[in-house]
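Enquirer: Handing you a structure now.
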Amino acid sequence: MGILEVKGINKRFGGLQALGDVNLSVEENTVHAIIGPNGAGKSTLLNVLVGKLIPDSGSVMFDGQSVLGRKPHEINQMGISRVFQTPEIFSDLTVFENVMIPCFAKRDGAFRMHAISSVMSEKGIRAQAEEILADVNMLEKRDVVTSSLSRGDKRRLEMAMCLVQDPKLLLLDEPTAGMARADTENTINLLKEIRTKRGITMAIIEHDMNVVFSLAERITVLAQGTPLVEDIPENIKGHPKVREAYLGEAQV
Amino acid sequence: MLGLEKKDFRLLLIVIGLTLFAPFILNPFPAGSELAQFNAGYPDLMQRFVIFGIFAIGFNILFGLTGYLSFGHAAFLGVGSYSAVWMFKLLSMNVLPAIILSVIISGLFALVIGFVSLRRSGIYFSILTLAFAQMSFALAYSVLTPITGGETGLQLALDDPRVLGAAQTASGNIPVPALFGLEMRSSYEMSVGAWTFTFNAGYYLAALIMVLSFYLAIRIFRSPFGMMLRAIKSNQTRMSYTGLNARPYTLAAFVISGMYAGLAGGLMASMDPLAGAERMQWTASGEVVLMTILGGAGTLIGPVLGAGMIKYFENIFSKINSQILHDWFGFLPDGLEDFVVTLIYPFVGKGWHLTLGIVFMLVVIFLPGGLVQGGQKIAAAFRRKKSEKASSGATKPAE
Amino acid sequence: MDQFILQILNGLDKGSAYALIALGLTLIFGTLGVVNFAHGALFMMGAFCAVTVSKLLTLSHKVVDETRTDFLGNPLQVDVPYLHDLFGPALGDRLIDWAVPISILFAIPVMIGIGFIMERGLIKHFYKRPHADQILVTFGLAIVLQEVIKYYYGANPIPTPAPEAFKGSFDFGVMIGFDANAIIYPYWRLVYFFFSLLVIGAVFAFLQFTTFGMVVRAGMADRETVGILGIDIDKRFTIMFGIAAAVAGLAGVMYVPINPPNYHMGMDFLVLSFVVVVVGGMGSLPGAVAAGFLLGILESFASTSWAVNLLPGINQVIIYLVAIIILLTRPRGLMGRKGVMEE
């Protein structure tokens, strides 16, 4: 039984079957990649997992509880954090504030009035935030307003914001999309480091085969809204069905 | 100090100093001199400075932090005024219960309106608040006349019950608002040479409350709650994917700022015990928007400065007429004098709204941080010049 | 039944004004994505175009009339409009009488010009800024415009009558078979209604049947795609802004005989027009028009003594109430497209 169990998910948009009978199981303590050509339904699936879309039928269980019908913030409180294709950070705030906010969310829940106490008197939160910034090598940038960060730094900051919550499952939506080669390598290394250091369960949606095969421990191939194969990376590489689905798009 | 960082504490001290010595600062011209009409240190205007300061500080907690632009905040001010006057009518002329009630009632009112309006964001939120405020205004003006006094406004009468106080004074007049016997309108005049300074009880009560409100606003800005509000303005998507529910945060901010508006309304009624529906009209809501943006939305001191500036424009700047202009530019040759006066005249005196509109547009276009940001930019430019000079001076000998 | 028709008719003139302003607002919002709080000011500027024209037409010089004397017995000085000198008294008076309709010819180029200047000079720089900034800067502009008008025309309403031929009322009831005096309707309001239909029809025809309109409609639906096609959409959007300004201006010109214009009439109409746009659906042109008429008529029904007795104050709040209900239950409005400014 995986930590995330997706069973028989269907989703139609008008006449288009975006997801058809999707079953997926993400085991605890693995890196599970979901790949597939454009329009395979990867993003739709992800949006179902985080509560942004509600499927027409099927069930999504996380850690023994149903995810369906819950709001994104409730799903996060259950222990799922999400990294976006383009980093979603608080761009008017400083790096340090950006990582403190998830710490508060983890400690105090979805809402708590702290209108009178000072942020600066929260020693525990500050220590936590400093620690994670040190982990991702951003401590010296702690007082920078994040809108002026480089793209690579924004990505690292977003990861830090997710990791500081110590999620049971980290969802990554094409974490290297649009990145230069060097930045992609850096991100892969960062993710590998997180994996070995923290042992976090991850589900990655990715286009870049290089990224997928350097990280994934299990791979699901999605095509036209349905899972084609699920297996370990070695078996996926040469799989004829996968080659067919990609029509030579990926030279693996 | 007081749980504040050094920088904020200094700001608080500056505000305390300014409000404490306002009767001096605002009366720079000797009484009886030609320029005395530009003295702003009379009680009525000074009261308005601080009361609208409170209103703007509260509005800034909503708009400056969360970015939700309400076009209906005057409704809360109006509700606050009505509540205070009712307290004067029914209970006593003591301002304390009146002010407390106005804060509570406007808070409840804001809770209801905020609960509905905050289900939408962006322009829809602005229009919802606008619609609610206009509705309140229309109702206060017509159907609710028994509660609001309709067109004439809500006034005190000789036959009001005032259960904890006298319905009328010994001489048969309507009593005036007071704080445990200290009448709000009582003033002490001090003459120093040609200058006259007025110290008014009502002003100092309002100023004290403004300082407290300002202190509270600093605490809110620097609190985790304030940080969450800024996070909402910055990125709501990340907010919810971080496990935070934005709506209770925005609602809390909305109610707090509504209570500030109610406090301002209650104080207004305490200084002059009547309340009219026009206080709730959307142009009045627009005024607090102007104040906040002009001074600097999201900055601590900006809204107070903006409120002061607009009230100064409205009451003092508007007095400049063509005669005064001719006096000022009398040193110029006649033809040039007339030309300069005609050029300036549309922008001063009764035309102060025009100047205000232009300044406001310039601020929105070039200075999103308002006049406070403008001041900081100028200060930074000066510092840079200084350091350039210093560094060039220092490097010269080395060459 | 006659009451019913009367209320519908009563709602038509206000509804027409709402519809025209809301149409312009929607054109601007739909094409440029800009929330224009200065649109009410454009309506007001249109009204003052009519005032200006009527003043220009009555420009006079003094002539001593030997045949009459004033109360002191001196020969009377009378004002003779220059138009009398130019075209003779008969045609001159005719022109003065028709000042308001003539203003249309004057207002169209003026309003389009104002629209161009506004868009190129100010609005253009706000496409990429948040809606709150757009609201604020156009709000500031509205203040400036109305203060300029106040400076030149004063603060009091300026009565500017309709042509003699359209003054007074007619008995519409008799015409459709009711008792006499059941439905009395002023001529000019009917003129206003048909005029607004004409303008609305012209705008829709323009968008529907010209290539220019087709491109603009495509741009409203998907700006990026049109941009990719290499069409210079910006220039067309500037022109659309001019047209929207002209529509608001025309609404203002013809409204003058119904309500003497003053400098803040724009703000009064703006608030309601925004409500209309929201009810109709942000970005939907038919929605704006339909909601304009609908709310005008609803307002008129809510003002009947029957409605006011039933729900005191309903006449004051009906429009806002409808807007609140619509916004909460159907955020995209009656006919709005999905996804326009929704969360």
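Chains as they are written, first to last, in my numbering: chain U, 1 to 252; chain F, 1001 to 1399; chain Y, 2001 to 2343. For every residue, glycine included, the Cβ atom is placed at its ideal position computed from N, Cα and C. None of these values were measured; they are calculated from a predicted model.
Under 9 Å, CB to CB, which of the residues in the stretch 2178-2193 of chain Y have a partner in chain F?
Expert: So nothing in the stretch comes that close.
Enquirer: Assuming H32/U and R218/U make a contact with CB atoms under 8 Å, what is their CB distance in whole Å?
Expert: Confirmed, Cβ separation roughly 5 Å.
Enquirer: With a cut-off of 8 Å on the beta carbons, I'd call D2002/Y and F2241/Y a contact; round off their distance for me.
Expert: At roughly 43 Å, the Cβ-Cβ gap does not stay under 8 Å, so D2002/Y and F2241/Y are not in contact.
Enquirer: Checking contacts by CB at 8 Å: is A1398/F closer than that to chain U?
Expert: The predicted model places A1398/F with a pLDDT of 40, which falls under 50 and marks its position as unreliable; any figure quoted below should be read in that light. False, the Cβ-Cβ gap to chain U never drops below 8 Å.
Enquirer: State whether the stretch 1099-1115 of chain F contacts the stretch 1252-1271 of chain F, with contact taken as three or more CB pairs (one from each stretch) at a distance under 8 Å.
Expert: These segments touch.
Enquirer: Where does D2234/Y sit, in a helix, a strand or coil, going by DSSP?
Expert: Three-state result, D2234/Y: helix.
Enquirer: Taking only beta-carbon atoms, is V119/U less than 8 Å away from chain F?
Expert: True, the Cβ-Cβ gap to chain F drops below 8 Å.
Enquirer: Check the Cβ of G1064/F against every Cβ in chain Y and list those closer than 8 Å, keeping chain order.
Expert: The premise fails here: G1064/F is roughly 11 Å from chain Y at the closest Cβ pair, so nothing lies under 8 Å.
Enquirer: Along chain F, in chain order, which residues have C-beta atoms closer than 8 Å to that of R142/U?
Expert: Under the 8 Å cutoff, chain F gives no residues; its nearest Cβ is about 15 Å from R142/U.
Enquirer: Touching or not, the stretch 1357-1375 of chain F and the stretch 1290-1307 of chain F, by the rule of three or more beta carbon pairs under 8 Å?
Expert: Touching, per the Cβ criterion.
Enquirer: Per DSSP, what are the beta-bridge partners of S59/U in this structure?
Expert: Paired residue(s): K7/U.
Enquirer: Exposed or buried, which one is H2039/Y when buried takes at least 16 other CB atoms within 10 Å?
Expert: Counting Cβ neighbours within 10 Å, H2039/Y comes out buried, since at least 16 surround it.
Enquirer: Tell whether a beta-carbon distance below 8 Å holds between I1025/F and L1018/F.
Expert: Yes. Within cutoff.
Enquirer: Just by C-beta distance, which residues in the stretch 1273-1293 of chain F are closer than 9 Å to chain Y?
Expert: If the cut-off is 9 Å between Cβ atoms, the stretch 1273-1293 of chain F has W1282, T1283, G1286, V1289, L1290 and I1293 near chain Y.
Enquirer: Around the C-beta of Q1281/F, are 16 or more other C-beta atoms found within 10 angstroms, so that it is buried, or is it exposed?
Expert: By the 10 Å Cβ count, Q1281/F comes out buried.
Enquirer: Cβ closer than 9 Å: which chain Y residues qualify as neighbours of Q1168/F?
Expert: Result: empty, since nearest Cβ-Cβ is about 33 Å, beyond 9 Å.
Enquirer: Would you please state the rounded distance, in angstroms, between the beta carbons of V2100/Y and M2265/Y? I believe it to be under 8 Å.
Expert: Between M2265/Y and V2100/Y the Cβ distance is about 15 Å, and since that is not below 8 Å, they are no contact.
Enquirer: Is there a C-beta anywhere in chain Y that falls below 8 Å from the one on H1353/F?
Expert: At least one chain Y Cβ lies under 8 Å of H1353/F.
Enquirer: Provide the residue span of the alpha helix (DSSP H) that contains R1162/F, from first to last.
Expert: No alpha helix (DSSP H) contains R1162/F, which DSSP labels as neither H nor E.
Enquirer: Under 8 Å between the Cβ atoms of V258/U and R156/U?
Expert: Lying before the first or after the last residue shown, residue 258/U is absent from chain U, which here runs from 1 to 252.
Enquirer: Cβ atoms of P2286/Y and A2047/Y: under 8 Å apart, would you say?
Expert: No, they are not a contact pair.
Enquirer: By Cβ distance below 6 Å, which residues in the same chain neighbour V1050/F in space, the five residues on each side in sequence not counted?
Expert: The answer, listed in chain order, is A1206, A1207 and M1210.
Enquirer: Can the beta-carbon of E230/U be found closer than 8 Å to that of T220/U?
Expert: It is a contact, given that the beta carbons lie within the stated cut-off.
Enquirer: Under a CB-based cut-off of 8 Å, is I188/U close to chain F?
Expert: With 8 Å as the cut-off, I188/U does not count as an interface residue toward chain F.
Enquirer: Can you tell me whether V2035/Y is helix, strand or coil according to DSSP?
Expert: DSSP places V2035/Y in coil when its eight states are reduced to three.
Enquirer: Closer than 8 Å is the cut-off here; do at least three beta carbon pairs connect the stretch 2269-2286 of chain Y with the stretch 2017-2030 of chain Y?
Expert: Taking 8 Å as the limit for Cβ pairs, the verdict is that the stretch 2017-2030 of chain Y does touch the stretch 2269-2286 of chain Y.
Enquirer: Would you please state the rounded distance, in angstroms, between the beta carbons of L46/U and L171/U? I believe it to be under 8 Å.
Expert: Yes, L46/U and L171/U are in contact; Cβ-Cβ is about 6 Å, under 8 Å.
Enquirer: What separation, rounded to the nearest whole angstrom, lies between the Cα atoms of G20/U and F13/U?
Expert: Taking the straight line joining both Cα atoms gives about 12 Å.
Enquirer: Determine contact between the stretch 2243-2251 of chain Y and the stretch 2299-2317 of chain Y, defined as no fewer than three beta-carbon pairs at a distance below 8 Å.
Expert: Judged by Cβ distances under 8 Å, the stretch 2243-2251 of chain Y makes no contact with the stretch 2299-2317 of chain Y, as fewer than three pairs qualify.
Enquirer: Under the three-state reduction of DSSP, which class applies to M202/U: helix, strand or coil?
Expert: The answer is strand: DSSP assigns M202/U an E or B state.
Enquirer: Residues in the stretch 1211-1222 of chain F with C-beta within 9 Å of chain U's C-beta atoms, listed in sequence order?
Expert: Those residues of the stretch 1211-1222 of chain F that come within reach of chain U (Cβ to Cβ, closer than 9 Å) are L1216, R1219, I1220 and R1222.
Enquirer: By alpha-carbon positions, which one of F1063/F, L1144/F and N1173/F ends up nearest to L2311/Y?
Expert: Looking at the Cα atoms, L1144/F is the closest of the given residues.
Enquirer: Note down, in chain order, every chain F residue with its Cβ under 7 Å from the Cβ of Q77/U.
Expert: Going along chain F in sequence order, the residues near Q77/U (Cβ under 7 Å) are G1243.
Enquirer: Counting only Cβ-Cβ distances shorter than 8 Å, please list the residues of the stretch 42-72 of chain U near chain F, keeping chain order.
Expert: So the list reads V50, K71 and P72, given in the order they occur along the chain.
Enquirer: Please list the partners that F1059/F has in chain U, where partner means a Cβ-to-Cβ separation under 8 Å.
Expert: Chain U residues near F1059/F: none, gap ~17 Å exceeds 8 Å.
Enquirer: Counting contacts by CB-CB distance shorter than 8 Å, is P1368/F in contact with chain U?
Expert: Chain U, which has no Cβ nearer than 8 Å to the Cβ of P1368/F, makes this no.
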